[in-house]
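**Student:**
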Amino acid sequence: NAGVMQNPRHLVRRRGQEARLRCSPMKGHSHVYWYRQLPEEGLKFMVYLQKENIIDESGMPKERFSAEFPKEGPSILRIQQVVRGDSAAYFCASSPGTGSSGANVLTFGAGSRLTVL
Amino acid sequence: RKEVEQDPGPFNVPEGATVAFNCTYSNSASQSFFWYRQDCRKEPKLLMSVYSSGNEDGRFTAQLNRASQYISLLIRDSKLSDSATYLCVVNTRYGGATNKLIFGTGTLLAVQP
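Going down the list, the sequences are from chains A and B. According to this note's numbering, the first sequence is numbered sequentially starting from 2. According to this note's numbering, the second sequence is numbered sequentially starting from 371.
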């Protein structure tokens with residue numbers, strides 16, 4: 002079991018470019034969550050997705066940020082026109098469906114560290 | 371007020387010491403509670419769930435006080451390898467099926483030889 006896989010692990014972008022972060026959940030997990038951790042701060046919830054559905058995006062900035070979890074392939078967090086304040090570690094987590102044993106327990110990926118120059 | 375509040379520390383303790391972390395949460399509708407551990411520049415990992423009756427896992431004991439909206443973690447006989455940031459985590463369901471974990475900012479523990 003490969004766990005939650007995130008790539009790239011490190012990404013450097015210049016202001017105004019686009020960043021795409023990918024996340025493959027654990028085998029058997031159908032729910033994906035994205036969290037952002039700014040330097041010296043806690044993890045902040047961004048978005049919660051199931052296959053082809055956004056369930057809760059209340060933590061996602063209204064502009065420039067979008068997320069998807071297509072029927073096939075990994076979940077993608079996309080940041081358009083990046084700014085320096087977007088520099089952070091972006092963690093993806095997955096869980097089994099609600100109602101399943103362990104539904105509340107999230108397994109995190111190793112994170113993608115975005116640096117905006 | 372933050373939804374989950376923790377003392378950021380750092381807690382500097384010698385090996386073998388007992389150390390306790392506290393956490394408070396603001397939403398009385400919160401349903402599930404956890405302690406996660408995060409090593410420097412690594413992902414958070416579940417340390418233990420916290421139950422109303424209190425629970426113990428080896429050297430770690432977690433307690434929940436729903437009336438006071440307070441969670442604690444006790445580590446006995448501290449090891450060097452316990453050095454990490456300990457995250458208090460609360461799950462509150464809003465309406466439907468949202469399963470959103472709210473993280474505290476963490477308490478940094480440094481165990482000294």
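Even glycine gets a Cβ: it sits at the ideal position worked out from N, Cα and C.
Apart from the five residues just before and just after residue 45 (chain A), which ones in its own chain have a Cβ nearer than 8 Å to its Cβ?
**Tutor:** For this step, residue 45 (chain A) is matched to residue 44 along the first sequence. Cβ within range, chain order: 36, 37, 38, 39, 60.
**Student:** Using the three-state DSSP reduction, which class does residue 118 (chain A) fall into: helix, strand or coil?
**Tutor:** Residue mapping note: residue 118 (chain A) aligns to position 117 of the first sequence, counting from 1. Here residue 118 (chain A) sits in coil by DSSP.
**Student:** Below 8 Å, can you find three or more Cβ-Cβ pairs linking the stretch 432–445 of chain B to the stretch 388–407 of chain B?
**Tutor:** In short, these stretches touch, since the Cβ pair count reaches three.
**Student:** Please list the partners that residue 109 (chain A) has in chain B, where partner means a Cβ-to-Cβ separation under 8 Å.
**Tutor:** For the purposes of this step, residue 109 (chain A) is identified with residue 108 of the first sequence, where counting begins at 1. Ordered by position in chain B, the residues that pass the 8 Å Cβ test against residue 109 (chain A) are 413, 414, 415.
**Student:** If I measure Cβ to Cβ from residue 424 (chain B) and keep anything under 6 Å in the same chain, skipping five residues before and after, which residues do I get?
**Tutor:** For the purposes of this step, residue 424 (chain B) is taken as residue 54 along the second sequence, with counting starting at 1. So the list reads 433, once near-sequence residues are dropped.
**Student:** How would you call residue 461 (chain B), buried or exposed, if buried means at least 16 neighbouring beta carbons within 10 angstroms?
**Tutor:** Reading the second sequence from its first residue, position 91 is the one you call residue 461 (chain B). Its Cβ being crowded by 16 or more others within 10 Å, residue 461 (chain B) is buried.
**Student:** Take the Cβ of residue 26 (chain A) as the centre, count every other Cβ of all protein chains shown within 10 Å, and call the residue buried at 16 or more, exposed below.
**Tutor:** If you number the first sequence from 1, residue 26 (chain A) lands on position 25. By the 10 Å Cβ count, residue 26 (chain A) comes out buried.
**Student:** Which of the three DSSP states, helix, strand or coil, is assigned to residue 451 (chain B)?
**Tutor:** Taking the first residue of the second sequence as position 1, residue 451 (chain B) is located at position 81. Reduced to three states, the DSSP call for residue 451 (chain B) is helix.
**Student:** Cβ-heavy atom distance between residue 422 (chain B) and the ligand FMN below 7 Å?
**Tutor:** The ligand FMN is absent from the structure shown, which contains no ligands of any kind.
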